[in-house]
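Peer 1: Please see the structure below; I have some questions.
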Amino acid sequence: MKQHIYTVGVEWTGNTGEGTRTYRGYKRDHVICSGGKPELPGSSDTNFCGDPARYNPEELLVASLSACHMLWYLHLCVVHHIVVCEYRDAPAGWMQEHEDGGGEFVRVELRPAVRIDAGSDAAQARKLHTEAHHLCFIARSVNFAVDVQAEISL
């Protein structure tokens, strides 16, 4: 069995001079980096004193599920001779917060809208979303439902 290791760097950049002396006295800002790629600006959700101009971990989780599904789907379309002309997704994730401040995602819905070439098989294109979901590394790693509501058009 093959094993792959993924490493990233996460550095907190939100020290305003007092560290974490008080809850509102520091920013949740951080940067995510990996292997010389551009830095990704991160923060917490605005519900937790985060910067709305930066990506939060919850958004990145939903985006990871969407991107993984899309990449598998595109691969499967090539294998099955389906020509994808456009692919867009507007995924959403539902997270429950508990009284103690913790919480978890309970559901993510992927909503891919795919336009295929007129000579491609729309029924097969629709079925491939099931296989892409089954193969997606990220979807197989989470413990909540990931629903795929795909739309195929010519």
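Numbering (this note's numbering), first residue to last: 18 to 171. All C-beta atoms, glycine included, are put in the ideal place defined by N, C-alpha and C. Quick caveat: nothing in here was measured; it's all calculated off a predicted structure.
1) Out of Cys85, Gln141, Val48 and Pro69, point me to the one whose CA is closest to His151's CA.
2) Can you say whether Val163 is buried or exposed, counting buried as having 16 or more other CB atoms within 10 angstroms of its CB?
3) Which two residues bound the contiguous beta strand (DSSP E) that contains Glu113?
4) Between the segment 67-79 and the segment 110-128, can you find at least three pairs of beta-carbon atoms closer than 8 Å?
5) Quick check: what's the CA-CA separation for Tyr104 versus Thr37?
6) Following the continuous beta strand (DSSP E) through Glu56, name the residue where it begins and the one where it ends.
7) Tell me the residue span of the alpha helix (DSSP H) that contains Gly103.
8) Nearest by alpha-carbon distance to Ala139: which of His115, Leu91 and Ile169 is it?
9) Quick one: give me the first and last residue of the beta strand (DSSP E) that Ser170 is part of.
10) For His146, which of Glu75, Pro69, Leu57 and Val165 has the nearest alpha-carbon?
Peer 2: Working from what's here:
1) Ranking Cys85, Gln141, Val48 and Pro69 by Cα distance to His151 puts Cys85 first.
2) Classification of Val163: buried, given that the 10 Å Cβ count is 16 or more.
3) Looking at the sequence itself, residue 113 is Gln, so the reference to Glu does not match. Its beta strand (DSSP E) spans residues Ala109 to Glu114.
4) Contact between the segment 110-128 and the segment 67-79 is present: 3 or more CB-CB pairs across the two stretches fall below 8 Å.
5) Their backbone Cα atoms lie some 43 Å apart in a straight line.
6) First-last for Glu56: undefined, no H or E at that position.
7) It should be pointed out that residue 103 corresponds to Glu in this sequence rather than to Gly. Careful: Glu103 lies outside any alpha helix (DSSP H), inside the beta strand (DSSP E) at Val101 to Arg105.
8) Ranking the options by Cα distance to Ala139, first place goes to Ile169.
9) Run containing Ser170: Glu168 to Ser170, per the beta strand (DSSP E) assignment.
10) Comparing Cα positions, the closest option is Val165.
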